[in-house]
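Asks: Next up is a structure, given as structure tokens.
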Amino acid sequence: MLLTSIVFLPLAGALLVLLAGGRGDRPDREGVVRVVALAVSLVVFVATLYLWWAFNPVDPEFQLVERHAWLPQFGITYHLGVDGVSLFLIVLTGFLTPLALLSSWQSIHKNVKQFSFFMLALETAMLGVFVSLDLFLFYVFWDAMLIPMYFLIGIWGYERRIYAAVKFILYTMAGSVLMLIAIIGLAWVHSTATGQGPSFDLLDLYGLHLSWGMEMWFFLAFTVAFAIKVPLFPFHTWLPDAHVEAPTAGSVILAGVLLKMGTYGLLRFSFPLFPSAAHYFAPYLAVLAIIGIVYGALVAMVQPDMKKLVAYSSVSHLGFVVLGLCALNVNGVQGAVYQMLNHGVSTGGLFMIVGMLSDRRHTRLIAEFGGLKAVVPRLVAAFLLITLSSIALPGMNGFIGEFLILLGAFRAHPRMTAVAATGVILSAVYMLWMFQRVNYGTVTNEKNRGLRDLTGREWAMMAPTIAMCIFMGVAPNVFLRPMEASVVRVIDRINGVTTFAKSRTSNLDPRAPTLQPPTSGTGVPR
Amino acid sequence: MEQIVFYVLAAVALLASFGVIGQRNPMHSVMLLIVSFGAYAGLYVLLDAPFTAVTQIIIYAGAIMVLFLFVVMLLNAHTEDDMVPATIGPRTMKIGVVLSLALVGEVAYALLKIARTDFGTDAGTVSSIKDVGHIGSMLYTSYSFAFEVTSILILVSMVGAVVIAGKPRKDR
Amino acid sequence: MNAFAATIPILIVVLSAIAAMLAEAIRHPGERMYIAGFGLIGLTGALVASCFLWDADATSFGVVRADNFSLFVNIVLCIIGILTMVFSHDVIEREEIPAGEYYALTLFAISGMMLMAAATDLLVIFLALEVLSLAVYVLTGLRRGSGLGAEAAFKYFLLGAFSSAFFLYGIAIAFTISGSTRLDQVGTAMASAPSPTLAWLAVGLLAVGFCFKVSAVPFHMWTPDAYEGAPTIVTAFMSTGVKAAAFGAFARVFLSTLEPMQGQWVPVLSAVAAATMIVGAVVGVLQNNIKRMLAYSSIAHAGYLLLGIIAANNAGKAAVLFYLLAYAVANLGALGIVALLGTAEHPHDQLRDFAGLWRTRPALAGLMTVFLLSLGGFPPTAGFIGKWYIFAAAVQNGHYWLAIIGVLSSVVSVFFYLRIVVMMYMTEDASAPARPRVSAPSMAALGFATLAVFYLGVLPARVIDYALQSIQTIF
Amino acid sequence: MVALIPLLPFLGFLINASVGRRVSKSVSGAVACLLMIGAFGASVTAVLAAHNAPGRFIQETVFRWISSGDLQIPLAFRVDPLSSLMILVVTGIGSLIHIYSTAYMHEETDAEFARYFSYLNLFAAFMLVLVLGSSFPVMFVGWEGVGLCSYLLIGFWFRKQSAADAGKKAFVVNRIGDFGFILGMFLIFVTFHTLDFQEVAWRVSTWAPEIAVGPATIATLLLFLGATGKSAQIPLYVWLPDAMEGPTPVSALIHAATMVTAGVYMIGRNAVLFQHAPITLAVVAGIGIATALMAGTIGLVQNDIKRVLAYSTVSQLGYMFLAMGVGAYTAGIFHLYTHAFFKALLFLGSGAVIHALAGEQDLRNMGGLRKALPITYWTFLIGALAIAGIPPLAGFFSKDEILFRTFAHGNRIMWIVGLLTSFLTATYMFRLVFLAFHGDRRHPEHPAHDAHPAPDAHPAPDAHLHDAPPAMAIVLIVLAIGSIVAGFVGWPHAIGGANRIERFLEPSFEAHQMAPGEFQVIEGRASRQPRVELAAGVEPAVPGSQAVDERREIELMLLSVGIAVAGILVAMFFWLRNRAAATRVAYRAAPIYTLLLNKYYVDELYDATVVQPIKKLSTLLLWRGIDAALIDGAVNGVGGAVRGTSAALRRLQTGSIRAYAASLFLGVVVILGWYLMR
Amino acid sequence: MVTLNHYLILSGLLFCVGTAGVFLRRNLITVLLSVEIMLNAVNITFVAAGRYHGSVDGQIITFFVMTVAAAEAAVGLALVIALFRHRETLSPDAFTSLKW
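Protein chains in written order, with the numbering used here: chain A, 2 to 527; chain B, 510 to 681; chain C, 3 to 477; chain D, 383 to 1060; chain E, 984 to 1083.
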């Protein structure tokens, strides 16, 4: 019941917001709406913290499980549960949403009611993705999440917002529909394999043994969907557009949580469901990830637009995450999960900063700024700290993640990791270069003279973010401990069957897959 | 004997039909169609279906064709020459011809193919099928529901024809 | 009584139609009369009757069978009819449509649809088909003022007559083989035809007839023109009703009668379905007239429904029924909104007419969005469950490629649904057309449709159960 | 207690960073200095405690930092002889420089002043973490932390574009080194399954030295890459000269005394590991000596007083690496320690000069300052003599030790180059002295621009020339004394001294079993000794040869002293007696002169071969080309394709009813045809 | 000896003639006539097949088909009139305002 309430609390809040907003366009109700939305999101955050408290860190299995029949004809259940991997992503979602709402406090003025509504609806969808243990339910949340994001970008975005919104939604859908086919196929395979009807329940499907061909195709279908979301090179081009055009709050959520769905999906579904395929494809994914790391960094380096720069830096950072996952060992995967959290916090923070600057100057071009340190020292100090955490300075959160990822990856593929580690250099290059161009030197643009330093509201946004950055860097065990058991469990799932999977792949030619799905399944048992 | 009659009637029907679609003047087409319907009637007689033959003459030649004639008159029979030039040119026409020839080919092929296998022999005459009374009883027993449906059908077409062709009422 | 049991819903509708005609007859010129009321009464009666007949599996005259399958279709048709009636009352006066004839013909059409889905005799199916077709042809051209209406109607009529001739020829060949038009006898006879060629011809021609009615490629050409030319409310009605009825009969003929010949027709229909999904989705992309756009979308949906028939398993059969319902509510809702916003002089069916709708009519914009998302197949709406169900059926029988074509085409179709959303939400109101206000009943109807969309999308289990029950009886 | 050492400066950082801008300079300055001195006191106690502890070291685990699977990284500090020496240097010299800074930075505003000291404290904290850390990751924290602080302090005057650039350059170049460091760390973990220094030393000590390239070699090479970055060796030395953009005390503390020596320290820390990778050692020595020579030559012609010192720092660091490379770890560390004194002294002296001349840094605009700034002059002279290696000053002992070890190691070429370098050192050092303090006062043709904002920006006339204010003067004097006496701890046996430093540091370069809880020098070590091949020079070699060695050693000492003196004399001839000669030489050897003046064009080379290509590649190929055109083009291309198909298919819908009928008919024909064909 | 095949082939040919007429002719009325030809062609099949099976069903169906034909003709002609009223022409090619 706890999970259900956490997931649907924001939706309830969203409806509440609609009520509070009154009929039609009521600018006078803006304040009320904002406060209600913020309050709701804070309550949700507290609830997620309570979830953390209620979570048993030594138990590797799913906890606080809820399971009710939903479409019994197809073995579809309303099945929620949380483990060490999803726990922190949930907390992260709870943590970032209030900040996102705060970040839009000044910039969003038209239709605040609808804005808050979509933000909260989005939160429900995101939380749902992280807790659902039924593939069908997962897909429902996964797809439903697109709609509010689409509106957030499309209505409250910048100049080319419509192009970005449509690109975002179509690109993501195109990937995920194939996953839908794979999900269905999986369910029918279960029906024929076990003879007890189709099942979309993750735990049932974990136990399934597939023919190599099927496993390969299904793995690819799943992985492409997730790779697009991550975004893994070369599926990343929707990200810069979406980020640049989205409003600050949208970017924060997009970078902070949405991208993690992809990596989370890889870890929760792609790899454990299709272990031998995972082992077969992991090196290729790793290569893509590394290309993404270097490529993203290089492209970020030369971006004239701050948001675009941060967007490409996300490509680079998420590349690290995927690399860690592909290491398929405890260090790598744990680092990857940790890096998801880091990236959520620090990149979220970066987008907030950029948002503040563009709120003040209504431009995001680096060239427009310069010498801000003399004008807004506090803002720049915050900027510096976030930057440092983003370039993984030891003592900040980023370091822990990248360290574990690279170590894990090094154990799996040392040479490739050497290439990936250059990302550590490049990240310093592009971040510091941007930081220098924006903040150092003398104030060149007169418009920058009278800028306001951090306001109380902005402190309220930055303080927790920075605090998290440092805390996660100094005391990582607080997070690493609870997730370790579950991570180990997942890795065991992936490695459990590899012994004979390897042999299977060896004697079976993967390039000539036998995709013969069962037709004998009586349509609808039970 | 029977064969000769059949072939004659068939020839008439076919030629008349060709004439129908060969004519530029709708009036002539209607006339030729009536001719072919006469041939049909003859064929029905050959098929021991005198009642059908009669209805063919009465309903088709007598009623429907007359309806057509009325319309042709009403819109004082335009030949195609004084009409707007065809939007689809001769090339498309060729396509049409090719298509119809293809269909002809297919149908002929199919029927000849089966001709070798079944229906080769005539089942011969069953006296009951000539009996109009029998037809009537069948019509009102096993086909009664279909009969009712046709009533609705006619009602619909009536209403439809009126509402489409009639002058707009001015009351609203 | 029992002899008539199966026909009761149809009879009720026919009676209400006649009542509507009489009402028109006795009505003084200029007198306002809620003729839609007759239709509502009749359809509600038919709805109730259908519910009562559930599981009764009544048969009348040996040619009409009220098994759960046809009853399910009946219920869908009744819902369609009721919604249409409610919307119509707002619309037809504005559209300058002759009220009495309109209601009568609509109701006749519905009766024809019901009959088509319930008939177990090819001849009766043909007659029912003609009844509904003629009625719909006329409805299409009902706006005497507009040349477009007449043109649309004639195109629809001529192609309809053309295709029904093919259909009839199919029946004739089937009759030649079996000596009867009763489905059961036809089925057995054709399965054991001495030379299959003739049977195949029959199957092909019957398929042509049905494919035309459900507007599958390449028999779809009439659809966009007819939908665009017809009064919007009629478009709403025929895009849903005709499909429901035609697919009912389609499923009955092909999945029960011709099931033994699956090997013969599955490949053909697969090709047709693929083409239909692709063409429908792709061509819709560039449309600027919403009715035309939704016409192409309905073509695409026909393709998805065909998948259900091709799958030819229980899931597929039930999926067709469920999808019909989901599609009906969403499409009727969407086109209903277009109709409710239109007037005779300003049809309000161009894409740009919707610019900034959510400023002036936030509620309508919201509802429209819900319907469009449902048509696009987003969770948690009916459309998603429907699509998922269809594709699940297809995948179960290994039609992976059709399923993949289906999902990808649905992604493409999402693009043009979103174009409308973009217009409503993200484009500033250019030239605000004076939009008529929507009456309370119509809003209620739209609200009901929305509820249905969400109910089917969130808690579909019950309805899926009914769908499954209703296929157990015949197949 | 050990944790207190870095904690105190960190506290200072927090205070100054948070409330610093609101309190007066004196308060924030006092806080910073007192906390540094407190750290010094803590260090002293810690060192004494460690000296008396069993195994001559104490270890303290603060908390478990990272634990993931088999990777367990406690945040632990260890005080052993090596780190004791370092913390004493860091805190001691650090405190002095803090005090010096209070006077030097006095013109800054309160906020800037506080910012400066917060950075300085933060640096001290990280530096202490670096030297105290008991495992690679903890060291890495300090390693990157000091990099950050140097970035911040170099860019302290952020309004100056050059300063900001220099800061960025320093950080990025260091990152390149860290890239090697981190990979080396991984390789070590994968090889030894631990990251604790002693554990690694212990495990590797059971190996035979790697003749061929093996994990140890690769790992040490990677670590050495890190060292070259941090300690400004070829090829990554380019950042250090630019780093002189920072305030002079910063150059003294970070870029002379402490941070830049971290690389040397790191190698000393892993002496046992390096000892097992002879290939690496050869590389280290080669790079070291090469750097020393190159930097020396460059330093010979530079005109910016601080840059000369910077290059001399690079050169001296080269010496230290040479020592490490030949296995003379003690010597290297010893030189590090003495160098800290006299190089800090020299920098601070030059700082005093700059301060007096209101920001003037160009040697060509100085001269004759001896009268005006007596304290500065004399202390500076002591520093110069020390670095030149004139006995009995500190530099003499350490440098001589290094040269002797190199000789003993048997690599004659390196030894000769070393001598040459020490000659150069003496020369350019005294060139500096003579140009700055002797001769007559030369006034700048143009007022010194782009100097840091001193109160009176216009060039001060000699009347206003004031010697260092007390806070600075005291520090200079103390350091001068240090530069004189610091060397005595390493008085070689050869001339009747007891090389204390050697005996003191000895245990840090040996492998110890480290069972949790008790820290004992394991007994079994002796048995392993022949294989372990401990650092040459730590143990006096076989008794018989000792006498020979000592005679040879004395000869070498005399030689090197002679060379130093020669260097000074040459400098005297060229820059004191007749300056014309110098210019003539410069004119004669114009190509070489310009080459040296432009520092061998290394910066330009890097810019042309690395920086610009990458920028171009990223902009044109990756972003515009691949990303925008290729990938996104493909994505949008799909959309375009759909639209195109749509447009094409639309055309079929001609509106002509007969066309529709034809299409319907076509369908029929095709379907029936299909049926008939089968 | 006239067998069922003769009639089937005849009706098939007539049917084809009708279909050809539908889109070869450029006069709406003639087009409608072509449809009538198709229906009649089918009728022959029905009657012949009925005779072949020795039942009257064929004739009865023919009867229904005629009804349908009549109904279609009525509506069709009405539409023709309506079109003519709008455009003063009977060419199918004139009515292409709905397209694409």
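No residue lacks a Cβ here, since even glycine has one placed at the ideal position from N, Cα and C.
Values in this document were obtained by computation on a predicted structure and should not be read as measured data.
(1) With 8 Å set as the bound, which would you pick, yes or no: does the beta-carbon of residue 178 of chain A sit closer than that to a beta-carbon of chain C?
(2) Locate the alpha helix (DSSP H) running through residue 105 of chain C, then write down its first and last residues.
(3) Check each candidate in D:387, D:454, D:444 and D:440 and name the one with the smallest Cα separation from residue 481 of chain A.
(4) Nearest by alpha-carbon distance to residue 72 of chain A: which of A:63, A:356, A:193 and A:198 is it?
(5) Would the stretch 149 to 161 of chain C count as touching the stretch 1041 to 1051 of chain D if we require 3 or more Cβ pairs under 8 Å?
(6) In terms of DSSP beta bridges, what is residue 461 of chain D paired with?
(7) What's the C-alpha gap between residue 185 of chain A and residue 466 of chain C?
(8) Is the beta carbon of residue 561 of chain D sitting closer than 8 Å to the one on residue 425 of chain A?
(9) Going along the chain, which residues of its own chain have a beta-carbon closer than 8 Å to the beta-carbon of residue 405 of chain D, five neighbours each way excluded?
(10) Answer yes if the stretch 319 to 335 of chain C comes into contact with the stretch 380 to 389 of chain C, meaning at least three C-beta pairs across the two stretches below 8 Å, and no otherwise.
(11) Report yes or no: is there a C-beta of chain C within less than 8 Å of the C-beta of residue 1039 of chain D?
(12) Note down, in chain order, every chain C residue with its Cβ under 7 Å from the Cβ of residue 29 of chain A.
(13) Compare the C-beta of residue 1035 of chain D with all C-beta atoms of chain C and state if any pair is closer than 8 Å.
(14) Pop quiz: residue 60 of chain A and residue 168 of chain A are said to be a contact at Cβ under 8 Å. What is the actual Cβ separation, rounded to whole angstroms?
(15) Please confirm if residue 836 of chain D has its CB atom under 8 Å from at least one CB of chain A.
(16) At a Cβ threshold of 8 Å, is residue 1060 of chain D touching chain B?
(17) What residue from A:32, A:217, A:451 and A:122 has the CA that sits closest to residue 377 of chain A's CA?
(18) Residue 422 of chain A: which of A:322, A:180 and A:98 sits nearest, CA to CA?
(19) Enumerated in chain order, which unbroken segments of the beta strand (DSSP E) with a length of 3 residues or greater are wholly contained in the stretch 29 to 87 of chain C?
(20) Output the distance between the C-alpha atoms of residue 545 of chain A and residue 295 of chain A, rounded to the nearest integer angstrom.
(21) Would you report the Cα separation of residue 475 of chain D and residue 420 of chain A, rounded to the nearest angstrom?
(22) Out of A:230, A:379 and A:64, which has the shortest C-alpha to C-alpha gap to residue 316 of chain A?
(23) Let me know if residue 418 of chain C comes out buried or exposed under the rule of 16 or more other beta-carbons within 10 Å of its beta-carbon.
(24) In whole angstroms, what separates the C-alpha of residue 327 of chain D from that of residue 1018 of chain D?
(25) Here's a check: name, in chain order, each residue in its chain whose Cβ is nearer than 7 Å to the Cβ of residue 842 of chain D, leaving out the five neighbours to either side.
(26) Would you kindly report the start and end of the unbroken alpha helix (DSSP H) that includes residue 527 of chain D?
(27) Excluding the five sequence neighbours on either side, which residues of its own chain have a C-beta within less than 7 Å of the C-beta of residue 170 of chain C, listed in chain order?
(28) Given that a residue counts as buried once 16 or more other Cβ atoms are within 10 Å of its Cβ, and exposed if not, what is residue 265 of chain A?
(29) Can you check whether the C-beta of residue 647 of chain B is within less than 8 Å of a C-beta belonging to chain E?
Replies: Let me spell this out:
(1) yes
(2) 101 to 120
(3) D:454
(4) A:198
(5) yes
(6) D:440
(7) 17 Å
(8) yes
(9) 492 and 496
(10) yes
(11) yes
(12) Correct list: empty, because the minimum Cβ distance to chain C is about 17 Å.
(13) yes
(14) In fact, because the Cβ distance is near 42 Å, the residues do not count as touching under 8 Å.
(15) In this predicted model, residue 836 of chain D has a pLDDT of only 44, less than 50, meaning its place in the structure is not dependable enough to derive any value.
(16) no
(17) A:451
(18) A:322
(19) 60 to 62 and 66 to 68
(20) Residue 545 of chain A is absent from the model: chain A starts at 2 and stops at 527.
(21) 40 Å
(22) A:230
(23) buried
(24) No answer is possible for residue 327 of chain D: the residues shown for chain D start at 383 and end at 1060.
(25) Confidence at residue 842 of chain D is low in this model, with a pLDDT of 46, below 50, so the placement of that residue should be treated as unreliable; the coordinate-derived value is given next. Cβ neighbours of residue 842 of chain D beyond the five flanking positions: 739 and 740.
(26) 518 to 536
(27) 128
(28) buried
(29) yes
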